[in-house]
Each structure stands twice: as structure tokens, then as C-alpha cells.
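K.L.:
Just so you know, my numbering puts 994 at position 17 of the sequence shown, and the rest follows in order with no gaps.
Cβ atoms here follow ideal geometry from the backbone N, Cα and C, with glycine treated the same way.
Remember, it's a predicted structure, so these values are computed and weren't measured experimentally.
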Amino acid sequence: MDYQIRYLYWSRHEGIDRKLLNGTDKEGGIEEVIQLQMFSKMNGLTINPDGTRLFFCDENSKQALYLDIGSSSAVVLIREYELRDVSMDGNGVLYWLESGEKLILVMDDYELSTDFNIEEEGQFNNPQRIHIALVNS
């Protein structure tokens, strides 16, 4: 969700779409952000806080990618893991969920470095999705 412009984004197997949530939609309002026919199991999607970059993954091609909004090409970040999902915390740290090995790949500062830290999470049993919720206590 882009909270500034109020776009709702979602991934499908071969692309990413979005829809304005402010009531000004024309003709259904669904807009294709990017079509990526080379991917067959695209999943996981999150957006940075200022609404300028989407992060996503394709489990079958073993790629983690990002797309700058308005660009027509995605940038590959890593190709070694069967990544199933991605989420971002309130500090801009990205967490990528690896589907088979119970790993979480962490990208601490995507603006400065595309390096991943790998954390083995043995307490998870075949995790499917990752979601980070910010809760005020």
C-alpha cells in the first residue's frame, strides 16, 4: 500500500498491478505496473515508505528483485534462493523468506547496499508468508 498517493499494489504470477483507492478511478481503475512474463510464480510484494520502489520475488526463478515506480524494467538483487515472500519493517529493513531452508534473508539498508545477511530460523516449520505489523503499545 502506498499511503501517500493511496495506491493498493498486488502481484500476480506474471506481473504487478495497482489501483487508486481515492475514488477517482476510471474504467475500473486497475493499472498494470509491469508485466514480467519470464516469471511463473511471482509472489511477495512490499513497497518502500516513500512509495517509489517495489520489492518482490519469484520463487521458481529464485530471484529477488526491485522495481522503481515508473520504470519499465526490474533489477535483480539475488538469484540463489527460493524466496517466497518479502516484508519491510518501520526502519526500512527488508526481510525475505526462503521457502525450503527456513532462512530469512535480511537487507539492512537497501539505499546504500544490496547485500543480504542470512539468518537461519530453525523454529519455523515450512513458513509460507511473512508480515511485519507495527503495533503501538
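1) Classify V1070 as helix, strand or coil using the three-state DSSP reduction.
2) With a Cβ-Cβ cutoff of 7 angstroms, do D1062 and L1074 count as a contact?
3) Considering only residues of the same chain and omitting the five flanking positions on each side of E1009, which have a CB-CB separation below 7 angstroms?
4) Just to confirm my understanding: we take A1051, look at its own chain, exclude 5 residues before and 5 after, and list those with CB closer than 6 angstroms. What are they?
5) May I ask which residues mark the beginning and end of the beta strand (DSSP E) holding A1041?
6) Return the CA-CA distance between V1112 and D1066, expressed in angstroms with no decimal places.
7) Straight-line CA distance for G1006 to K1018?
8) Of the residues T1091, V1070, D1092, which one's Cα is nearest the Cα of P1026?
9) What's the call for G1077, buried or exposed, on a 16-neighbour Cβ count within 10 Å?
10) Would you grab the beta carbon distance between R1116 and I1046 for me? Rounded to a whole angstrom, and I think it's under 8 angstroms.
11) Put V1053 into one of helix, strand or coil per three-state DSSP.
12) Mind checking which residues open and close the beta strand (DSSP E) that includes K996?
13) Quick check: what's the CA-CA separation for L1013 versus N1094?
14) For the candidate residues I1109, Y986, H990, E1036, whose alpha-carbon lies nearest to that of Y1072?
P.N.:
On the basis of the coordinates in this document:
1) If DSSP states are grouped into helix, strand and coil, V1070 belongs with coil.
2) Their beta carbons are under 7 angstroms apart, which means D1062 touches L1074 by this criterion.
3) By the criterion of a C-beta distance shorter than 7 angstroms, E1009 is surrounded in its chain by G992, D994, once the five residues flanking it on both sides are discounted.
4) Answer for A1051: L1042, L1044, listed in chain order.
5) DSSP places A1041 inside the beta strand (DSSP E), whose first and last residues are 1040 to 1045.
6) Distance between the alpha carbons of V1112 and D1066 is about 11 angstroms.
7) Pairing G1006 with K1018, the inter-Cα distance amounts to about 25 angstroms.
8) Relative to the Cα of P1026, the nearest Cα in the group T1091, V1070, D1092 belongs to V1070.
9) When all chains shown are included, G1077 counts as exposed.
10) Nothing can be reported for residue 1116: it is not among the residues displayed for the chain, which extend from 978 to 1114.
11) Secondary structure of V1053 (DSSP, three-state): strand.
12) 992 to 997 is the extent of the beta strand (DSSP E) around K996.
13) Going from the Cα of L1013 to the Cα of N1094 covers about 27 angstroms.
14) Of the candidates I1109, Y986, H990, E1036, the one whose C-alpha sits nearest the C-alpha of Y1072 is I1109.
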